[in-house]
Amino acid sequence: MAGGSKSKNKGSGYERELSKFLGETFGGSFIRSANSGAFVGGKNAARKANLSETQIKGQKGDLIAPDHMPKLVLEAKFYAEFRFHQLLQPGDMPQLDEWIGQCREAVDPGDFWLICFKINLRGSYVAVHKDFCQGMALGNHATYTDATGDTFIVTELKSFFTANRDIVLKLSA
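As numbered in this note's numbering, residues 62 to 234 make up the sequence shown, in order.
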């Protein structure tokens, strides 16, 4: 297929959609990152020694937040399926664990990181570490505890950002 694979185009489309929504919600311009967090995460963390703060910020997640939100790191995923029922059952969720791992590799202490994901015919959701949720309005949500013992809140994306706009701005500043 000319111009990239179908799944890559699907993911890019979601990143643009999410960027537009976040820009309307928080002001400023959210843009897609040229690379993913893997560029400076995990085994590639040594690259940070040769990059400016602005360059590092542009490589941490899938979206680059505006200047007034320098601590915000966003992963954006678009998949056909997500096994929501596993949130209510004991055991691991390999798909969510993989996304959490990607974020963990890319972020630095003090970053406010979120995993935003869209599932075909199901909607858009956000997974946020419970430590960030103090004072947040979460609405209907599920909790997930990963293999490391960290707990995440999974809830509907647009209502999360709309209801918690001021807190998200504060955590991202």
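Just so you know, even glycine gets a beta-carbon here, dropped at the ideal spot from N, CA and C.
Note that the structure is predicted; figures quoted are calculated from it, not measured.
What's the gap between the Cα of residue i and the Cα of residue j?
i: residue 148; j: residue 214; result: 10 Å
i: residue 229; j: residue 127; result: 13 Å
i: residue 191; j: residue 176; result: 13 Å
i: residue 91; j: residue 170; result: 22 Å
i: residue 196; j: residue 151; result: 27 Å
i: residue 76; j: residue 203; result: 24 Å
i: residue 98; j: residue 181; result: Residue confidence for residue 98 is low, a pLDDT of 46 falling below 50, so the modelled location carries little weight and cannot support an answer.
i: residue 174; j: residue 165; result: 9 Å
i: residue 227; j: residue 154; result: 31 Å
i: residue 220; j: residue 199; result: 8 Å
In three-state DSSP terms, what is residue i?
i: residue 177; result: strand
i: residue 132; result: coil
i: residue 199; result: coil
i: residue 83; result: helix
i: residue 224; result: helix
i: residue 213; result: strand
i: residue 194; result: coil
i: residue 98; result: Here the model assigns residue 98 a pLDDT of 46, short of 50, so the residue's position is not dependable, and the following value carries that caveat. Helix, per DSSP.
i: residue 139; result: strand
i: residue 184; result: strand
i: residue 189; result: strand
If residue i sits next to residue j, beta carbons under 8 Å apart, how far is it from one beta carbon to the other, in whole angstroms?
i: residue 235; j: residue 143; result: In the structure displayed, the chain extends from 62 to 234; residue 235 sits before or after that span and is not available.
i: residue 81; j: residue 234; result: Actually they are not in contact, since the Cβ atoms of residue 81 and residue 234 sit about 22 Å apart, beyond 8 Å.
i: residue 187; j: residue 218; result: 5 Å
i: residue 137; j: residue 79; result: 5 Å
Can you name the residues that DSSP bridges to residue i?
i: residue 205; result: 213
i: residue 234; result: The partner list for residue 234 (beta bridge, DSSP) is empty, contrary to what the question assumes.
i: residue 93; result: 124
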